[in-house]
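Numbering (my numbering), first residue to last: -14 to 101.
Glycine included, every Cβ here is placed at the ideal spot set by N, Cα and C.
Here the structure is laid out as structure tokens; the discussion comes afterwards.
In structure tokens form, the structure reads like this:
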């Protein structure tokens, strides 16, 4: 199986917490290695500074995706014919609501459902 997923919660500056959920859809001969790499690296990058994650979530997500992409290219396994699509959602609890920020790379999509 070349797919992988993760749900992680982290607490950072001033007790701010964030939830990260991601799904990876690997492809190619080393797709399972690509998915595992992204699953391990992405939450660490996103949760490293919860303060910045609350203030600039899109910038943190963009930087994490680019850093993981660069790291994936430097791995020992062959990524010329392999890779992974990924969708990541970050849930930021606010005073009276929650903010959800979603990013995707490749053909993984997210569906947002709201209660009426």
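For this session: Under 7 Å Cβ to Cβ from residue 88, same chain only, skipping five residues before and after it: list those, please.
Result: The residues 46, 50 and 73, in chain order, have a CB closer than 7 Å to that of residue 88 in the same chain once the five nearest residues on each side in sequence are set aside.
Exercise. Sorted by chain position, which residues of the same chain lie with C-beta nearer than 8 Å to residue 56's C-beta, five sequence neighbours on each side aside?
Worked result: Around residue 56: 22 and 26.
For this session: Just list the alpha helix (DSSP H) runs in the stretch 16 to 72, keeping only unbroken ones of 4 residues or longer that don't cross its boundaries, in chain order.
Result: Correct list: 16 to 32, 35 to 40 and 42 to 58.
For this session: Alpha carbon to alpha carbon, how far is residue 81 from residue 15? Give it in angstroms, no decimals.
Result: Approximately 43 Å between the Cα atoms of the pair.
Problem set entry | Cβ separation of residue 38 and residue 77, assumed to be a contact under 8 Å, to the nearest whole Å | The Cβ separation is near 7 Å, so the contact holds.
Exercise. Between which two residues does the beta strand (DSSP E) harbouring residue -9 extend?
Worked result: Counting along the chain, the beta strand (DSSP E) containing residue -9 begins and ends at -12 to -4.
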